[in-house]
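Chains as they are written, first to last, in the working numbering: chain A, 33 to 94; chain B, -8 to 308. C-beta atoms are modelled at their ideal positions from N, C-alpha and C, and glycine is treated no differently.
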Amino acid sequence: MKIELDGHTYEIEKSMEVSRLLKQFSLSRETHLVIVNDRLVTEDYRLGRDDRVKLIRVVSGG
Amino acid sequence: MKCRVCGQDAHISLRSYNTALCSQDFISFLEKRVFDTIQKYNLIGNNDTPIVAVSGGKDSLSVWHILNKLGYKADGVYVDLGIGEYSQESLAKIKKTAEGLQRKFFVFPIRKIFEKGIDEIAKVMRRVPCSACGMIKRYAINKVCMDNGYNVLITGHNLDDEAAALLGNLLYWKEEYLWKKSPFLDGHEGHLSRKVKPLFLCSEREMAAYALISGIDYIHDECPFSINAKSLTYKNILNNLEETSPGTKLQFIKGYLKTIKGIEEKKRDISYCTTCGYPCYGGTCSMCRLLHRFHIKDRIGFEEWGSNLDITQKMMT
Chain A
33 MKIELDGHTY EIEKSMEVSR LLKQFSLSRE THLVIVNDRL VTEDYRLGRD DRVKLIRVVS
93 GG
Chain B
-8 MKCRVCGQDA HISLRSYNTA LCSQDFISFL EKRVFDTIQK YNLIGNNDTP IVAVSGGKDS
52 LSVWHILNKL GYKADGVYVD LGIGEYSQES LAKIKKTAEG LQRKFFVFPI RKIFEKGIDE
112 IAKVMRRVPC SACGMIKRYA INKVCMDNGY NVLITGHNLD DEAAALLGNL LYWKEEYLWK
172 KSPFLDGHEG HLSRKVKPLF LCSEREMAAY ALISGIDYIH DECPFSINAK SLTYKNILNN
232 LEETSPGTKL QFIKGYLKTI KGIEEKKRDI SYCTTCGYPC YGGTCSMCRL LHRFHIKDRI
292 GFEEWGSNLD ITQKMMT
């Protein structure tokens, strides 16, 4: 599956749950939303090999 | 996870509410919370003329979208800080939202007025960019309100913004600010508009989800000058707490609101700027001093963009 994060693209072969993916990238579910094939998904969603995944940072400051 | 309302697949889990919702039910849930906040704290009345301070980010564009959807017809005001592509992209997102909502908005173009961007102005003022930005934004947005009859200024401050600011004020015991966090700040008739925060109880994560689901095209990039902002450090601390104890931020802010009910704010004698009438604690306000420093006498003005995205009026005062 293709993972987009902060303008970079990563490729991951292994199928896994969204919560596991967040852990792999050391991200918190409080600070990032996960979009799979243009739809928002919950942490228990099982990602497939052909999924297009976007990790969206939600925190802004200033 | 399944949606607690309809039983279909959930698209967002809301651990602080111990629930999960599908996109459609989440939109209804969030809009209801905003509406309830407006009603509970009397943020906007039937006879008010509201305007939203927009930045191009998820919170301000979403609150603009929600208010108009709920029937509060609000225009927008944007302070263009003159930060290259970042400001241009922000303006493009605001234009797109304004067109969708069929509302007009005002622009205060800092680079056109000062012939410098906010970073260069901050250097002249010997302040950090965020401090100069805050001062100019507060002034310019209020001026739009005063000159055009908007008596309620709406900002997109969310639960995380408020919790981070409160934590910062507590850590350093900034008593002058500590008791001022509220969903509303009273105005001064003829001088200062009333400020309200309808997203006070909506988290940053919820607002991002709302914007994404609703198709609101917002700027994802951070302001280049906010990268090392303390507020981001406080937000990270609070989000770490939230990760292990869901609902912490909400309890922090709700507890605060209960606590301030019995506390009387220390009132300072306020006067008004002898040049422009803006509230200040000296004879001349910071903005008038800045304009004087830049030898600007009559170039402070706003662009007014119609909902059809033409500049309809260029107001110079």
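- In this model, residue 267(B) and residue -6(B) are separated by some 54 Å (Cα to Cα).
- Its chain contains 186 as the residues whose beta carbon lies nearer than 6 Å to that of residue 176(B), once the 5 sequence neighbours on both sides are disregarded; these appear in chain order.
- One thing to note: residue 76(A) has its Cβ within 8 Å of the Cβ of residue -8(B).
- Non-local C-beta neighbours of residue 62(B) in its own chain, meaning closer than 6 Å and more than five positions away in sequence, are absent.
- For residue 81(B), the secondary structure class from DSSP, reduced to helix, strand or coil, is helix.
- Taking the C-beta atoms as reference points, residue 213(B) is found no nearer than 8 Å to residue 60(A).
- Along the stretch 50 to 71 of chain A, the positions whose C-beta sits under 8 Å from a C-beta of chain B are 60, 61, 62, 63, 65, 67, 71, read in chain order.
- Residue pairing for residue 36(A): DSSP places it in a beta bridge opposite 41(A), 86(A).
- By the Cβ neighbour-count rule, residue 45(A) is exposed, with fewer than 16 other Cβ atoms within 10 Å of its own.
- The beta carbon of residue 44(A) sits no closer than 8 Å to any beta carbon of chain B.
- The secondary-structure analysis by DSSP pairs residue 64(A) across a beta bridge with 89(A).
- When DSSP assignments are scanned along the stretch 233 to 276 of chain B, the uninterrupted stretches of alpha helix (DSSP H) that are 4 or more residues long and fall wholly within it turn out to be 239 to 251.
- Chain A has no Cβ within less than 8 Å of the Cβ of residue 288(B).
- Within chain B, the residues placing a beta-carbon under 7 Å from that of residue 92(A) are 48, 213, ordered along the chain.
- Residue 166(B) and residue 56(B) have their C-alpha atoms some 35 Å from each other.
- Contact between residue 134(B) and residue 157(B) is ruled out by a C-beta separation of about 29 Å, above the 8 Å threshold.
- For residue 215(B), the number of other beta carbons within 10 angstroms of its own is below 16, and it is reported as exposed.
- Nearest Cα to residue 72(A) within the set 11(B), 44(B), 40(B), 32(B): 11(B).
- Using beta-carbon distances, residue 73(A) counts as an interface residue toward chain B, with a partner under 8 Å.
- Exposure of residue -3(B) is indicated by the presence of fewer than 16 other C-beta atoms within 10 angstroms of its C-beta.
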